[in-house]
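All the letters of the sequence shown, read from the start, carry residue numbers 3 to 44 under this note's numbering.
Every residue gets a Cβ at the ideal spot worked out from N, C-alpha and C, and that includes glycine.
Only a predicted model underlies this, so the values are computations on that prediction, with no experimental measurement involved.
One structure is given below, encoded as structure tokens.
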Amino acid sequence: MLQEAIGSNANILIASIECTLLLKDVYDKLDFVPDEDDLPLG
């Protein structure tokens, strides 16, 4: 049960990081620099 919860949280964290990196990549292509506060870091 505990391992399942940890795995679930890890997947959510990884998805959040991937989303953030994807957004940064999009922003780079658009030459738009967001503030750190605007990035969804969980």
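Pairwise C-alpha distance: residue j and residue i
{"i": "isoleucine 14", "j": "isoleucine 8", "result": "10 Å"}
{"i": "aspartate 27", "j": "cysteine 21", "result": "10 Å"}
{"i": "alanine 12", "j": "aspartate 33", "result": "31 Å"}
{"i": "leucine 25", "j": "leucine 4", "result": "32 Å"}
{"i": "tyrosine 29", "j": "isoleucine 16", "result": "20 Å"}
{"i": "glutamate 2", "j": "isoleucine 19", "result": "Residue 2 is absent from the model: the chain starts at 3 and stops at 44."}
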